[in-house]
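Enquirer: Sharing a structure here in structure tokens format.
Residue numbers (full-length UniProt numbering): 1 to 971.
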């Protein structure tokens, strides 16, 4: 349960923070700090269990054979500790950094959501679940990077980060699906057990490439490195957390997590190691020439992440040890440097290294902390960065390969470390040393001590790990490495001194060479001769987006159309093609079931239904009301057919759907503009007429092919014996497993309840979308009223709006509709309650009640109805989804999968036998959502009538008419 709390608490805190007022600065910081500290304590409390058991698991049954599973081993514990501890420190820092003018609670809401997403990534025990949290980190990081959304660089940087990492995540999803198929399951334990089989599988190269794309994009590795520097437009606390300790570490975490499964091949070496090598060199070189302090740190982050990625790609267990070790070391010194940069920016008003100088005089504490952190980044002895870099040098020297890599890697390692020393020296000496700067926007001074505390604690960690590495980090590192390598864990030493050896010599060369390089470059900068980094990833990205948009526009111009006829044609053609593709290979699987003898009465019914369908299609061109009547006749024939085939549920549902849709279409038909005769410009009338006829002939052929195809498929399904499909299972298991005699309802609310939940969610979304569109809809002038001049001449004075109500001339139907309402309510509840054992259910009951509401609006009018009947459709939709969702989640209390039905059967005094099931609550959610969705569309259409009435009788300048034209306007 601790694992669940660790993941859940940040999301709960994020939700609470989102409701805090914008000025509640301290409350937001206190909430975020309390959540981060609580998660830290929970992670620390699991240390003993993980050390003893190796793996701690927690699982909740979910759906489709997948569990919501959490799994913490040594590697996950180390990363979870990194996420929570760094989160607590950054919250304290952000409390003093963020401006009172900023909506700080919103910042902490996003911050906690990201913390929860990152914890979900590292603690997921299921690959599909890991991908979900992975993409959630991309989404929340987009909101954090774009937090200052008034700045164009923040918006562009956030968009770039989201597109790059989100696209990589989709590629990774494809690779994860392939990996799960190769392993025979998506649980991490199953995948780890199938490592050898996966590497020998033909799909292995493709899966490796796709998963590597996800990891490399998230960790800003070449050639996807360009998004990270532009994400520096985010507030500095975001950079200190996301871009040094958490988000960019997700990619290397995934590579380490799947190292036992994917590593050990040449493809792994060249894909992962090659990307890491390029990022190591490219980032180190680019960081040396940046003017922005954050730019130096961004490119140095790319370089250090490249170092970690290169180590993971070397296929060496000792290299894995060095990679995990450097993950922790890099997070500590880089987060401290980001905090120092934020302090400088906060106190001086600029991050431009060309303007900054001599800040050690005004900010001695900040300068001291930054000096130690930069020294750790440069790899100075007795600091943590030196130890992991020395391990890196050792792995490049002793790599066991016969190709040129064994010579190239040590040279590249020394060269990149030389640049690392150079940009670290420049970062410190140019900003904090030298003469005092005189043209700064603000007079520099030390920040509050509490703002310095997080950076000081991180610097202390750099010192302690650098001096006493085995005592400070030996056991956690051993646990993390052991959880990945298992019995193959090598012997290694975290001692500060390993004697005079080649890695030590390489470190010395890098320190001396970096100092010389800094002096040389400083002299060139003084003379204005700079080595400029020419490769512009942002320009390439923007060019790619522009090209993609242009190609999409070109494709849309040739495929899409504003005409409904063309859109339907494309959809029908795609549907026909999708059906024909499998049938072309396998043929039509004819069934062997004995055909029923044709009944003359029903043959006549089908003939009438077919004629009605043809009449509806023909009259749609000339008379819309007649077309609707014919469509209703075809629907009635369908209802009777369902009843004849012993499908009362389908017949009842189809009947209610026909009634509701017919009424809604009646309300909406009057707002359609008059039919415009098609006349193509610049073409003779004869040629235009020929084109129209050819188009109609084409559409007729497509319609016949699609209709005949659907009839053929229906015929094939009807002739298949019952034993060949799923029907026997549902027929035999409906009562014992679903506790219901109505098989159709049991399928909808029990066996396939997850599908039904998705469907009602879509229905709710559609209803809200239609409502939003109709709020902005203004009908064609000819469908509203005569021209304004005619109204002014004929109606000099507007009558009382109450005289316009339908109830004035439809009094008898209006009274009958009011009498029907309570009967309809009882009928809808009756069908809702009986649905599990007899024809009915939530969908039918909801349509009955929605029809009753429709009648009130039609016969009594909008004003009368809304003055006496508060429908509140949005609340019906919300409570319907809430009831269905909570019913599904309630199954977890009984350790059952989501949406499993829970039943109780007993005997009560005076009542007798009583059977209660959560299925009723789920069906109630369906009932409420159907009522709300139908009523919402009805309300939107009804308010169009209200607008048209006042447009007919009031001049546009009338304030009352203007108010009534708005959604929800009252008389």
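Every residue gets a Cβ at the ideal spot worked out from N, C-alpha and C, and that includes glycine.
Going by the DSSP bridge assignment, what does residue 341 pair with across the sheet?
Expert: As a working note, residue 341 is residue 341 in the chain shown. Beta-bridge pairing links residue 341 to no other residue.
Enquirer: Can the beta-carbon of residue 656 be found less than 8 Å from the beta-carbon of residue 847?
Expert: Counted from its first residue, the chain shown places residue 656 at position 656. Counted from its first residue, the chain shown places residue 847 at position 847. Yes, the Cβ-Cβ distance between residue 656 and residue 847 is below 8 Å.
Enquirer: Please list, in chain order, all residues of the same chain as residue 355 whose beta carbon is under 8 Å from its beta carbon, the five residues on each side excluded.
Expert: Reading the chain shown from its first residue, position 355 is the one you call residue 355. Cβ neighbours of residue 355 beyond the five flanking positions: 437, 439, 440.
Enquirer: Could you tell me the distance, in whole angstroms, from the CA atom of residue 173 to the CA atom of residue 214?
Expert: Position 173 of the chain shown, counting from 1, holds the residue named residue 173. Position 214 of the chain shown, counting from 1, holds the residue named residue 214. Looking at the two C-alpha atoms, the distance is approximately 8 Å.
Enquirer: Using a threshold of 8 Å, state whether the C-beta atoms of residue 480 and residue 324 are closer than that.
Expert: Along the chain shown, one-based indexing puts residue 480 at 480. Along the chain shown, one-based indexing puts residue 324 at 324. Result yes, Cβ atoms of residue 480 and residue 324 sit closer than 8 Å.
Enquirer: On the three-state DSSP scale, how would you describe residue 214?
Expert: Position 214 of the chain shown, counting from 1, holds the residue named residue 214. Note: residue 214 maps to helix in three-state DSSP.
Enquirer: Mapping the DSSP letters down to three states, classify residue 912 as helix, strand or coil.
Expert: Here the question's residue 912 lines up with position 912 in the chain shown. In this structure, residue 912 counts as strand in the three-state DSSP scheme.
Enquirer: In chain order, which beta strand (DSSP E) runs of at least 3 residues are fully inside the stretch 346-426?
Expert: None, since the stretch 346-426 contains no complete beta strand (DSSP E) of that length.
Enquirer: Are the CB atoms of residue 118 and residue 58 nearer to each other than 8 Å?
Expert: Taking the first residue of the chain shown as position 1, residue 118 is located at position 118. Taking the first residue of the chain shown as position 1, residue 58 is located at position 58. No, these two residues do not count as a Cβ contact at 8 Å.
Enquirer: Per DSSP, what kind of secondary structure is residue 867 in: helix, strand or coil?
Expert: Numbered from 1 along the chain shown, position 867 holds the residue referred to as residue 867. DSSP places residue 867 in helix when its eight states are reduced to three.
Enquirer: Please report the residue range of the alpha helix (DSSP H) in which residue 649 lies.
Expert: Here the question's residue 649 lines up with position 649 in the chain shown. Looking at the DSSP string, the run of the alpha helix (DSSP H) that includes residue 649 is 648-669.
Enquirer: Counting only runs that start and end within the stretch 211-283, where is the alpha helix (DSSP H) found for 4 or more residues in a row?
Expert: The qualifying runs are 227-230, 236-242, 247-257, 259-262.
Enquirer: Does the beta-carbon of residue 717 have 16 or more other beta-carbons within 10 angstroms, so that it is buried, or is it exposed?
Expert: Residue mapping note: residue 717 aligns to position 717 of the chain shown, counting from 1. Residue 717 comes out exposed.
Enquirer: Put residue 54 into one of helix, strand or coil per three-state DSSP.
Expert: For the purposes of this step, residue 54 is taken as the residue at position 54 of the chain shown. Residue 54: coil per DSSP, three-state reduction.
Enquirer: Using three-state DSSP, classify residue 528 as helix, strand or coil.
Expert: By one-based count along the chain shown, residue 528 stands at place 528. Unreliable placement is indicated for residue 528, whose pLDDT of 40 sits below 50; no coordinate value is reported for it.
Enquirer: Taking Cβ to Cβ, would you say residue 903 is nearer than 8 Å to residue 916?
Expert: As a first step, residue 903 must be located in the chain shown, where it is residue number 903. As a first step, residue 916 must be located in the chain shown, where it is residue number 916. Going by C-beta atoms, residue 903 is nearer than 8 Å to residue 916.
Enquirer: With 16 as the cutoff for other CB atoms within 10 Å, does residue 645 come out buried or exposed?
Expert: Here residue 645 is taken as the residue at index 645 of the chain shown, counted from 1. Exposed: under 16 other Cβ atoms inside 10 Å.
Enquirer: Going by DSSP in three states, residue 71 sits in which element: helix, strand or coil?
Expert: What you label residue 71 is simply residue 71 of the chain shown in a count that begins at 1. DSSP places residue 71 in strand when its eight states are reduced to three.
Enquirer: Less than 7 Å between C-beta atoms, sequence neighbours within five positions excluded: which residues of the same chain meet that for residue 2?
Expert: Locating residue 2 in the chain shown gives position 2, where the first residue counts as 1. Around residue 2: 42, 45, 46.
Enquirer: Tell me the DSSP secondary structure of residue 187 in three-state form.
Expert: As a working note, residue 187 is residue 187 in the chain shown. Strand.
Enquirer: Give every residue of the same chain whose Cβ lies closer than 7 Å to the Cβ of residue 396, excluding the five residues on either side of it in the sequence, and list them in chain order.
Expert: The sequence position of residue 396 within the chain shown is 396, counting from 1. Result list for residue 396: 409, 410, 413, in chain order.
Enquirer: Note down, in chain order, each residue of its chain lying with its Cβ closer than 6 Å to the Cβ of residue 20, except the 5 sequence neighbours on either side.
Expert: The sequence position of residue 20 within the chain shown is 20, counting from 1. Correct list, in chain order: 27, 28, 105.
Enquirer: Below 8 Å, how does it come out for the stretch 81-100 and the stretch 138-145: are there three or more Cβ pairs, yes or no?
Expert: No, the stretch 81-100 does not touch the stretch 138-145.
Enquirer: Taking the straight line between their C-alpha atoms, what separation do you get for residue 54 and residue 477?
Expert: In the chain shown, the residue the question calls residue 54 occupies position 54. In the chain shown, the residue the question calls residue 477 occupies position 477. Those two C-alpha atoms are separated by around 13 Å.
Enquirer: Work out the CA separation of residue 753 and residue 1035 for me, nearest whole Å.
Expert: With the chain covering 1 to 971 only, the question about residue 1035 has no answer from this structure.
Enquirer: What I want to know is whether the C-beta of residue 220 ends up closer than 7 Å to one or more non-hydrogen atoms of the ligand COA.
Expert: Absence of the ligand COA is noted for the structure shown, with no ligands found whatsoever.
Enquirer: Do you know how far the Cα of residue 852 is from the Cα of residue 1058?
Expert: Missing from the structure shown is residue 1058; the chain here goes from 1 to 971 and no further.
Enquirer: How is the alpha helix (DSSP H) around residue 729 delimited, first residue to last?
Expert: Start at 1 with the first residue of the chain shown, and residue 729 comes out as number 729. Counting along the chain, the alpha helix (DSSP H) containing residue 729 begins and ends at 727-738.
Enquirer: Put residue 304 into one of helix, strand or coil per three-state DSSP.
Expert: Position 304 of the chain shown holds residue 304. Correct three-state label for residue 304: helix.
Enquirer: Alpha helix (DSSP H) containing residue 470: first to last residue?
Expert: The sequence position of residue 470 within the chain shown is 470, counting from 1. Here the alpha helix (DSSP H) through residue 470 covers 469-485.
Enquirer: Could you pull the DSSP bridge partners for residue 907 from this structure?
Expert: Start at 1 with the first residue of the chain shown, and residue 907 comes out as number 907. Bridge partners of residue 907: 913.
Enquirer: Would you be able to state if there are at least three C-beta pairs under 8 Å between the stretch 285-305 and the stretch 314-324?
Expert: Because the criterion of three Cβ pairs below 8 Å is not met, the stretch 314-324 and the stretch 285-305 do not touch.
Enquirer: Is the beta carbon of residue 351 sitting closer than 8 Å to the one on residue 433?
Expert: As a first step, residue 351 is located in the chain shown; it is residue number 351 there, counting from the start. As a first step, residue 433 is located in the chain shown; it is residue number 433 there, counting from the start. Against a cut-off of 8 Å, the Cβ pair of residue 433 and residue 351 comes out as no contact.
Enquirer: Pick helix, strand or coil for residue 103, following the three-state DSSP scheme.
Expert: For the purposes of this step, residue 103 is taken as residue 103 along the chain shown, with counting starting at 1. Looking at residue 103 - three-state DSSP - the assignment turns out to be coil, as it is neither helix nor strand.
Enquirer: Do you know offhand how far residue 583's Cα is from residue 591's?
Expert: Working through the chain shown from its first residue, we reach residue 583 at position 583. Working through the chain shown from its first residue, we reach residue 591 at position 591. Approximately 15 Å between the Cα atoms of the pair.
Enquirer: Is the distance from the Cβ of residue 743 to the Cβ of residue 573 below 8 Å?
Expert: For the purposes of this step, residue 743 is taken as residue 743 along the chain shown, with counting starting at 1. For the purposes of this step, residue 573 is taken as residue 573 along the chain shown, with counting starting at 1. Not a contact, by the Cβ cut-off of 8 Å.
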